[in-house]
Each structure stands twice: as C-alpha cells, then as structure tokens.
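Protein chains in written order, with the working numbering: chain A, 12 to 279; chain B, 350 to 662.
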C-alpha cells in the first residue's frame with residue numbers, strides 16, 4: 012500500500028499544472044498504484060486569506076464519494092492573518108482536516124514567529140502534524156514574480172537546518188518535512204534532535220541522491236513516500252523506495268516507507 | 350494494446366521475471382529483489398517492472414565529478430537498468446588548459462578500462478586552445494570516444510568554436526554543450542547574481558550555431574537542470590539539429606511531455622547527469638506512448654551514434 016504524504020490540488024500561478032484536481036490526481040493514483048494521498052490546496056499559498064483555499068478543498072472533496080477514501084486533507088493556515096485560530100478550529104474540528112501545511116516564506120513570517128509557535132503548539136495539542144517544505148519549485152527556474160529565495164544568492168533556498176528552530180521551539184509536536192532540497196548535512200546535536208523528534212521526511216526531494224545512504228543517516232522511521240505532485244513527476248518519489256536493494260531495506264522497512272510511517276504519524 | 354498486455358507480451362518483461370545473475374542480465378533487468386518486492390506492492394502497477402523493461406542509453410553522465418567514482422555510476426545503472434553510460438568529465442573549474450582537458454579525458458579513458466562493457470566516452474576540450482583541441486579530438490576518437498562534451502569556457506556560437514564544429518560535423522558526431530537558462534540570469538533579466546558563468550550557453554546561442562551549421566548536431570544539456578524548460582523548448586523548436594537531454598536534478602511533471610510536444614519525439618535523449626532517480630522517474634511519469642518512451646530512453650541517441658557507425662546493437 013502506498014500513501015503519498017505530499018500532494019496538492021490547485022494552481023501554481025506562474026505555470027500551468029496538469030493533474031491538479033482531485034479527479035485528475037485520483038486517476039494518477041490509480042495509474043501508479045497509490046491508495047491514499049495527503050493533499051492541500053496550492054491556492055492557499057497565494058490567497059492572503061488561506062481559509063478560502065481550505066473551503067475550496069473541502070467542497071471539492073465533498074463533491075464525489077470516491078474522494079473520501081482516497082484523500083486526507085491538510086489545512087493551509089497563515090498564523091499572521093486575522094482569524095487564524097478560528098480557521099484552525101474550523102478546519103480540524105468541522106472539516107476533518109488531519110494536519111497543517113505552513114508556508115513561512117510565502118506568507119512572509121519567521122518560522123519562530125510567536126504566532127507560528129502558538130499554531131504549532133495548537134497542532135501538537137490536537138495530535139496533528141505540521142508540514143513545512145524546503146521549497147516549492149527549483150528557484151533556478153522561478154518566475155520573476157515568485158519569492159526571492161534563490162539558490163546561489165545571499166538569500167538562498169531553505170535547507171534542513173532552516174526547519175530546526177521550530178522543532179527546538181516545540182519539540183513534542185509532530186513534523187513533516189517536504190521536498191528535501193539543498194544541504195542535508197547536520198551537526199551531531201542537530202541530527203540528534205531530528206532523530207528524537209516525531210518527524211517524517213518525504214521521498215520527493217532532489218537531495219535524496221541515494222535512498223539507501225539516507226536511510227542509514229536518518230533511520231528508517233524518518234522517511235515516507237511523497238510525490239510533490241503535481242509540481243514534480245509522479246514516479247520519482249516511489250522509485251527511491253522501490254529500487255532499494257534488499258541489503259539497503261528489507262521488506263518491513265519498505266512497508267514503513269510506503270505507508271507504515273505515514274499511518275503512524277498522521278493517524279490514518 | 351494496453352499497458353498490462355504490453356508487459357505480458359514483451360520479451361524483456363518476461364526475461365525480467367527470470368532475473369539471471371550475469372552482468373548483462375543485471376544491466377538490463379536491474380535488481381531482482383527490488384523487482385520481486387515491487388510485485389507485491391500495488392496490484393495495478395509494478396514500478397520496477399516498468400523501469401526494467403526499457404533499454405536505456407544515458408547520454409549525459411559524468412565520472413569522478415560528483416557522487417563518487419565509476420563504481421557509483423555502475424551501482425545506479427544496475428539498479429535502474431541503464432545499459433550504457435556515455436561518460437564525460439568536463440572542466441568545471443580552473444583555466445581549462447590543454448593539460449587540464451587531456452587529464453580529464455584520461456580520467457574518462459581509465460573509467461572505460463574499468464567498465465568497458467558499460468562506459469563509452471565523450472571527450473572534452475577548450476576551444477580557446479584550438480589547435481590542441483583538434484589534436485585531442487583525434488586522439489580521443491582514435492581511442493574509441495564518440496562525441497564532444499564542452500562546458501562554459503566559451504559560448505557555443507563563439508567563432509572560436511567554428512573549426513571544432515566543422516571537425517565534429519566531419520566526424521558525424523554530436524557536440525554536447527552545457528547549457529542553462531534562468532529568467533533571472535542568463536536570460537533577459539539580469540537581476541540576480543547566482544554565480545552563473547557569463548559564457549554559459551543559452552538557447553539563443555544554440556539556435557545561432559545550429560543555423561550556421563545545419564550539417565552539425567548539437568545536444569542542449571539537461572533541460573532538467575534548473576533551466577526554464579518551456580522557454581528552452583519553445584526557443585529550440587525550429588532548430589532541427591539541436592537535441593535536448595532530459596537530465597538534471599529537476600523532475601518537473603510535464604517537462605518531457607512538453608519537450609516532445611514542442612520538439613517532436615525524435616529530438617529528446619534520456620540523460621541523468623548523475624541524478625538517476627529523477628531521470629528515470631520523469632520519463633516513466635510522462636504521458637507518452639511506449640514508442641515515444643523507447644525513443645527517449647534508447648533509440649534517439651542511438652540513431653545519432655549510428656551516423657558515425659558507433660551505435661549500440
């Protein structure tokens with residue numbers, strides 16, 4: 012069984028996307044053997060009021076019975092925008108969303124902004140995970156209107172270290188780190204923090220050049236299948252798991268990567 | 350014929366299930382354990398079976414440049430069923446003296462000796478040293494190398510390149526040039542300094558040289574290496590002697606669909622640039638026909654090799 016912990020519906024304003032509705036994504040899932048996708052609405056990155064995007068997703072999910080079993084929705088919350096606490100409660104308690112997607116760079120706040128810390132603590136108290144991505148797209152091919160975190164400049168794309176401050180601030184929360192890009196090397200104490208945190212990294216990111224090596228570095232409980240669809244191709248995240256040699260991952264480990272770790276963290 | 354029927358009817362897929370122990374079998378069929386395990390994963394899709402049913406020529410891959418030595422190349426080639434790797438070691442730093450490029454080519458030749466059944470060489474030169482470059486081309490061709498790989502020392506349409514292009518056209522071998530296009534730099538908006546070298550070739554440079562030398566063949570490197578691939582493919586659309594390779598760390602959905610739409614199914618090569626997972630994944634994910642995927646993975650580059658009699662049987 013495959014659970015994709017990193018998928019989206021919605022639009023990317025700078026480039027036309029394929030497979031960006033629940034219906035199209037479900038066809039993609041069926042084509043490539045994916046049972047469940049954790050999804051959020053890309054539009055929530057760009058709407059100032061992210062709740063509009065959550066409502067769009069909620070309505071789309073209600074529109075077809077088949078979507079209920081196939082998708083696990085995550086809410087996009089901007090903790091520096093009015094009414095976010097109420098939006099949080101609505102998404103989790105009324106809409107049944109199972110986690111959060113936060114975008115500090117796009118929503119222009121620091122990852123340790125007091126409001127962000129409060130939001131992550133609220134998620135912790137509800138037992139739901141909070142997901143951050145290191146990047147949405149490769150900044151080398153960014154639109155001139157996109158955010159200006161550009162590789163090779165004094166304001167580069169994020170790497171794993173950029174997520175650590177919020178983990179330090181709320182170490183007992185559940186975290187998901189998506190689209191692992193750029194440097195992954197950590198100091199010993201940083202790696203220790205990552206290892207003791209209830210945290211998952213999805214398999215879509217370019218920095219996973221050798222899945223077997225990363226399993227050794229981080230541990231088999233730290234990774235879960237993810238596609239970053241429809242921005243990245245639908246197969247590569249799965250290929251990193253399925254092409255592992257037996258000497259790199261036994262059958263039990265592969266099942267953890269395909270779905271076991273996701274089920275444990277997200278509670279599905 | 351649907352996808353499942355195709356699997357069951359192809360010789361390779363049947364052979365893939367048997368999974369022999371020879372190097373050749375490993376090359377074509379990859380990792381037996383991974384294949385077996387994948388069978389049990391999803392009833393409707395067997396990823397490793399899909400991976401291993403295609404013959405693959407990697408038209409853009411390096412040795413001893415990053416991600417380890419030749420053993421690392423072979424480890425991933427076996428894992429993903431890449432049959433032959435067209436390896437190079439361009440000069441990515443320093444002045445690029447004749448001594449530098451001869452040394453680089455010798456590293457490639459040494460790797461070929463280590464894995465003669467898997468590696469085929471692309472030589473590198475620096476056209477700022479024109480006579481030495483021509484001498485080096487002859488040496489490398491005599492030693493069995495099959496194409497030119499060049500980097501950012503000089504733009505592809507610089508007149509310094511003209512004698513080299515003419516030589517390569519005579520040899521009926523392709524010129525594989527590092528390329529990039531960032532809209533923020535190297536394109537038309539010089540807003541950010543991302544440390545890109547000013548002589549990096551962009552699509553417009555390829556259009557220019559391809560028009561000047563219609564008898565020559567050019568490979569625009571790695572449309573998946575962070576360049577704006579829509580811009581690139583649109584720009585190269587009407588340059589029939591310019592091919593693109595799919596390599597690079599970026600594996601955007603629809604990249605290859607779009608390349609085939611704009612350039613046609615005969616001008617796209619499979620390449621990894623040592624980003625093996627993405628390079629295979631993006632082809633398999635593309636909404637292309639079996640024939641188109643076979644062309645990308647194998648036939649298109651082999652057709653170019655055939656012009657110089659260096660094709661793979």
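Ideal Cβ positions, reconstructed from N, Cα and C, are used throughout, including at glycine.
Tell me residue 601 (chain B)'s beta-bridge partners as DSSP assigns them.
-> Your numbering for residue 601 (chain B) matches position 252 in the second chain. In DSSP, residue 601 (chain B) forms a bridge with A:243.
Beta-carbon contacts of residue 315 (chain A) that lie in its chain and below 8 Å, excluding the five residues immediately before and after | Any answer about residue 315 (chain A) is impossible in this case: the structure gives chain A only from 12 up to 279.
Buried or exposed: residue 649 (chain B), going by 16 or more other Cβ atoms within 10 Å of its Cβ?
-> In the second chain, counting from the first residue as 1, residue 649 (chain B) sits at position 300. Buried is the call here.
Taking buried to mean at least 16 other C-beta atoms within 10 Å of its own C-beta, is residue 644 (chain B) buried or exposed?
-> Translated into positions along the second chain, residue 644 (chain B) becomes position 295. So residue 644 (chain B) ends up on the buried side.
Just confirm the distance between the C-beta atoms of residue 486 (chain B) and residue 474 (chain B), as a whole number of angstroms; I'd bet it's less than 8 Å.
-> On the second chain, position 137 is the one that residue 486 (chain B) refers to. On the second chain, position 125 is the one that residue 474 (chain B) refers to. The pair is a contact, with the Cβ atoms about 6 Å apart (cut-off 8 Å).
Contact with chain E by residue 30 (chain A), beta-carbon distance below 9 Å = Given the protein chain composition of this structure (A and B), no chain E is represented.
Look at the alpha carbon of residue 421 (chain B) and the alpha carbon of residue 129 (chain A), and state the distance between them as a whole number of angstroms.
-> Position 72 of the second chain holds residue 421 (chain B). Position 118 of the first chain holds residue 129 (chain A). Residue 421 (chain B) and residue 129 (chain A): Cα-Cα distance of roughly 46 Å.
Within this structure, are the beta carbons of residue 34 (chain A) and residue 75 (chain A) separated by less than 9 Å?
-> Position 23 of the first chain holds residue 34 (chain A). Position 64 of the first chain holds residue 75 (chain A). The answer is yes: Cβ separation under 9 Å.
Hey, could you find the ends of the alpha helix (DSSP H) residue 272 (chain A) is sitting in?
-> If you number the first chain from 1, residue 272 (chain A) lands on position 261. Start and end: 272-277.
Taking only beta-carbon positions, decide if residue 382 (chain B) is within less than 9 Å of chain A.
-> Residue numbering aside, residue 382 (chain B) sits at position 33 when the second chain is read from its first letter. Low local confidence applies: a pLDDT of 39 at residue 382 (chain B) is under 50, so the model's placement there is unreliable, and no value is given.
Say whether chain A places a C-beta atom closer than 9 Å to the C-beta of residue 428 (chain B).
-> As a working note, residue 428 (chain B) is residue 79 in the second chain. With 9 Å as the cut-off, residue 428 (chain B) counts as an interface residue toward chain A.
Taking Cβ positions, are residue 680 (chain B) and residue 458 (chain B) nearer each other than 9 Å?
-> Any property of residue 680 (chain B) remains undetermined from this structure, which presents chain B solely from 350 to 662.
Residue 572 (chain B) to residue 437 (chain B), Cα distance in whole Å?
-> Residue 572 (chain B) sits at position 223 when you count from the first residue of the second chain. Residue 437 (chain B) sits at position 88 when you count from the first residue of the second chain. If I take the Cα positions, the gap works out to 18 Å.
Could you tell me which uninterrupted alpha helix (DSSP H) segments, each at least 4 residues in length, are contained entirely in the segment 62-139 of chain A, listed from first to last along the chain?
-> 62-73, 76-81, 95-100, 115-118 and 125-137
To the nearest angstrom, how far is it from the Cα of residue 115 (chain A) to the Cα of residue 460 (chain B)?
-> Working through the first chain from its first residue, we reach residue 115 (chain A) at position 104. Working through the second chain from its first residue, we reach residue 460 (chain B) at position 111. Answer to the nearest angstrom: the Cα atoms are 46 Å apart.
With DSSP as the reference, please indicate the residues paired to residue 185 (chain A) in a beta bridge.
-> Counting from one through the first chain, the residue named residue 185 (chain A) turns up at place 174. Paired residues: A:140 and A:209.
Show which residues of chain A have a CB atom less than 7 Å away from the CB atom of residue 626 (chain B).
-> Within the second chain, numbered from 1, the residue matching residue 626 (chain B) stands at position 277. Going along chain A in sequence order, the residues near residue 626 (chain B) (Cβ under 7 Å) are 247, 250 and 251.
Could you name the residues of the segment 111-138 of chain A whose beta carbon sits closer than 8 Å to any beta carbon of chain B, in the order they occur along the chain?
-> none
Three-state class that DSSP yields for residue 567 (chain B) in the structure shown = Position 218 of the second chain, counted from the first residue, corresponds to residue 567 (chain B). If DSSP states are grouped into helix, strand and coil, residue 567 (chain B) belongs with the strands.
How about residue 241 (chain A): is its C-beta nearer than 9 Å to some C-beta of chain B?
-> Counting from 1 along the first chain, the entry for residue 241 (chain A) is found at position 230. Yes, residue 241 (chain A) lies at the interface with chain B (some Cβ there is under 9 Å from its Cβ).
What are the partner residues of residue 469 (chain B), as DSSP defines its beta bridges?
-> Counting from 1 along the second chain, the entry for residue 469 (chain B) is found at position 120. Paired residues: B:435.
Check residue 25 (chain A) in the structure and name its three-state DSSP category.
-> Looking up residue 25 (chain A) in the first chain gives position 14. Coil at residue 25 (chain A), not helix or strand.
Could you work out which residues of chain A lie near residue 414 (chain B), taking near to mean beta carbons separated by less than 8 Å?
-> Within the second chain, the letter at position 65 stands for residue 414 (chain B). Under the 8 Å cutoff, chain A gives no residues; its nearest Cβ is about 13 Å from residue 414 (chain B).
With a threshold of 16 other CB atoms inside 10 Å of the CB of residue 384 (chain B), please say whether the residue is buried or exposed.
-> Residue mapping note: residue 384 (chain B) aligns to position 35 of the second chain, counting from 1. Only weak support is given to the placement of residue 384 (chain B): the predicted model assigns it a pLDDT of 41, under 50, and the value that follows is read from those uncertain coordinates. Buried.
Using a Cβ-Cβ cut-off of 6 Å (strictly less than) and excluding sequence neighbours within five positions of residue 550 (chain B), which residues of its own chain qualify?
-> Translated into the one-based positions of the second chain, residue 550 (chain B) becomes position 201. Closer than 6 Å at Cβ, skipping near neighbours: 504, 505, 526 and 528.
Does the beta-carbon of residue 313 (chain A) have 16 or more other beta-carbons within 10 angstroms, so that it is buried, or is it exposed?
-> Because chain A is modelled from 12 through 279, residue 313 (chain A) falls outside the range shown and cannot be assessed.
Exposed unless 16 or more other CB atoms sit within 10 angstroms - verdict on residue 144 (chain A) = As a first step, residue 144 (chain A) is located in the first chain; it is residue number 133 there, counting from the start. Buried is the call here.
Check the C-beta distance from residue 249 (chain A) over to residue 236 (chain A) and give it rounded, since I have them as a contact under 8 Å.
-> Walking along the first chain from the start, residue 249 (chain A) turns up at place 238. Walking along the first chain from the start, residue 236 (chain A) turns up at place 225. Yes, residue 249 (chain A) and residue 236 (chain A) are in contact; Cβ-Cβ is about 6 Å, under 8 Å.
When the Cα atoms are used, what is the spatial distance from residue 610 (chain B) to residue 466 (chain B)?
-> The residue you call residue 610 (chain B) lines up with position 261 of the second chain. The residue you call residue 466 (chain B) lines up with position 117 of the second chain. Computed Cα separation, rounded: 34 Å.
Residue 544 (chain B) versus B:501, B:633, B:629 and B:591, residue with shortest Cα-Cα distance | Here residue 544 (chain B) refers to the residue found at position 195 when the second chain is read from its first residue. Of the candidates B:501, B:633, B:629 and B:591, the one whose C-alpha sits nearest the C-alpha of residue 544 (chain B) is B:501.
Kindly indicate which residue of A:196, A:189 and A:164 has the alpha-carbon position closest to the one of residue 172 (chain A).
-> The count along the first chain starts at 1 and reaches residue 172 (chain A) at position 161. The candidate whose alpha carbon is nearest that of residue 172 (chain A) is A:196.
Identify the contact partners of residue 237 (chain A) in chain B, using a Cβ-Cβ distance below 9 Å as the criterion.
-> Here residue 237 (chain A) refers to the residue found at position 226 of the first chain. In chain order: nothing, as chain B lies at least about 13 Å away.
Distance between beta carbons of residue 188 (chain A) and residue 49 (chain A), contact taken as under 8 Å = Taking the first chain and counting its residues from 1, the one referred to as residue 49 (chain A) is at position 38. Taking the first chain and counting its residues from 1, the one referred to as residue 188 (chain A) is at position 177. Not really, about 14 Å apart at Cβ, beyond 8 Å.
Applying a beta-carbon distance threshold of less than 7 Å, which residues of chain A neighbour residue 600 (chain B)?
-> As a working mapping, residue 600 (chain B) is identified with position 251 in the second chain. 243, 244 and 247, listed in chain order.
Mind listing, in chain order, the continuous alpha helix (DSSP H) runs of no fewer than 4 residues lying wholly within the segment 392-436 of chain B?
-> 396-401 and 419-429
Do the segment 219-233 of chain A and the segment 563-579 of chain B meet, that is, are 3 or more Cβ pairs less than 8 Å apart?
-> no
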